[in-house]
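According to the working numbering, the stretch in the sequence shown is residues 1 to 98, in order. All residues carry an ideal CB built from backbone N, CA and C; glycine is no exception.
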Amino acid sequence: MKMIYCTCDVSMLDSLLRALEAMKVEEYEVYDKVVAKSRKGDPRLNTPIWPGYNASVMVSLGDEQAGEVIRRIQQMNREVISENEWISVYSWEVERND
């Protein structure tokens with residue numbers, strides 16, 4: 001099982017959530033108004049100098065579905081017009097304990 005962490009400009013959150021829904025991802029958590037400085041795009045620190053903020057999404061999935069989600073996000077990133085639309089995606093192994 002994998003935990004996937006995504007972070008993106010809040011303007012990309014709806015596109016990300018629609019992609020997850022289309023892939024039948026049934027459970028996820030959204031963290032809104034996350035300030036961030038990422039390797040792609042402008043910092044989003046919600047200040048007058050660096051306005052805006054990110055949203056983050058976490059989801060745990062089986063390995064196969066996790067791979068599909070990661071590939072879909074990578075495809076979305078190949079289609080961005082600006083680095084400010086980039087969705088950062090990270091994953092790591094987790095075990096379910098409930």
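Top-ranked residue by Cα proximity to residue i, from the options
i	options	result
Asn84	Tyr53, Met23, Tyr90 and Tyr31	Tyr53
Arg81	Lys40, Met1, Arg96 and Glu95	Before going on, a small fix: residue 81 reads as Ile here, not Arg. Measuring from the Cα of Ile81, the nearest candidate turns out to be Lys40.
Strand pairing of residue i, partner residues [DSSP]
i	result
Tyr90	Tyr5
Val59	Ile4
Tyr31	Ser56
Ala66	In the DSSP output, where bridge partners are listed per residue, Ala66 has none listed.
Arg44	Ala36
8 angstroms CB neighbourhood of residue i in its chain, flanking five on each side removed
i	result
Ile70	Ile4, Val89 and Ser91
Pro43	Ala36, Lys37 and Trp50
Val30	Leu13, Leu17, Ala55, Ser56 and Val57
Val94	Met1, Lys2, Met3 and Ser60
Arg99	This structure cannot settle anything about residue 99, because the visible part of the chain is limited to 1 through 98.
Contacting residues, own chain, Cβ-Cβ under 7 angstroms from residue i (five flanking each side not counted)
i	result
Tyr28	Leu20, Val57, Met58 and Val59
Arg72	Ala19 and Met23
Contacting residues, own chain, Cβ-Cβ under 6 angstroms from residue i (five flanking each side not counted)
i	result
Lys33	Tyr53
Leu45	Val35
Cβ neighbour criterion (16 or more within 10 Å) applied to residue i
i	result
Ala55	buried
Met23	exposed
Gly62	exposed
Met1	exposed
Val25	buried
### Query
Would you call the region 5 to 14 and the region 84 to 98 touching, i.e. three or more CB-CB distances under 8 angstroms?
yes
### Task
Taking 8 angstroms as the threshold, find out whether the region 9 to 18 comes into contact with the region 61 to 70 through three or more Cβ pairs.
no
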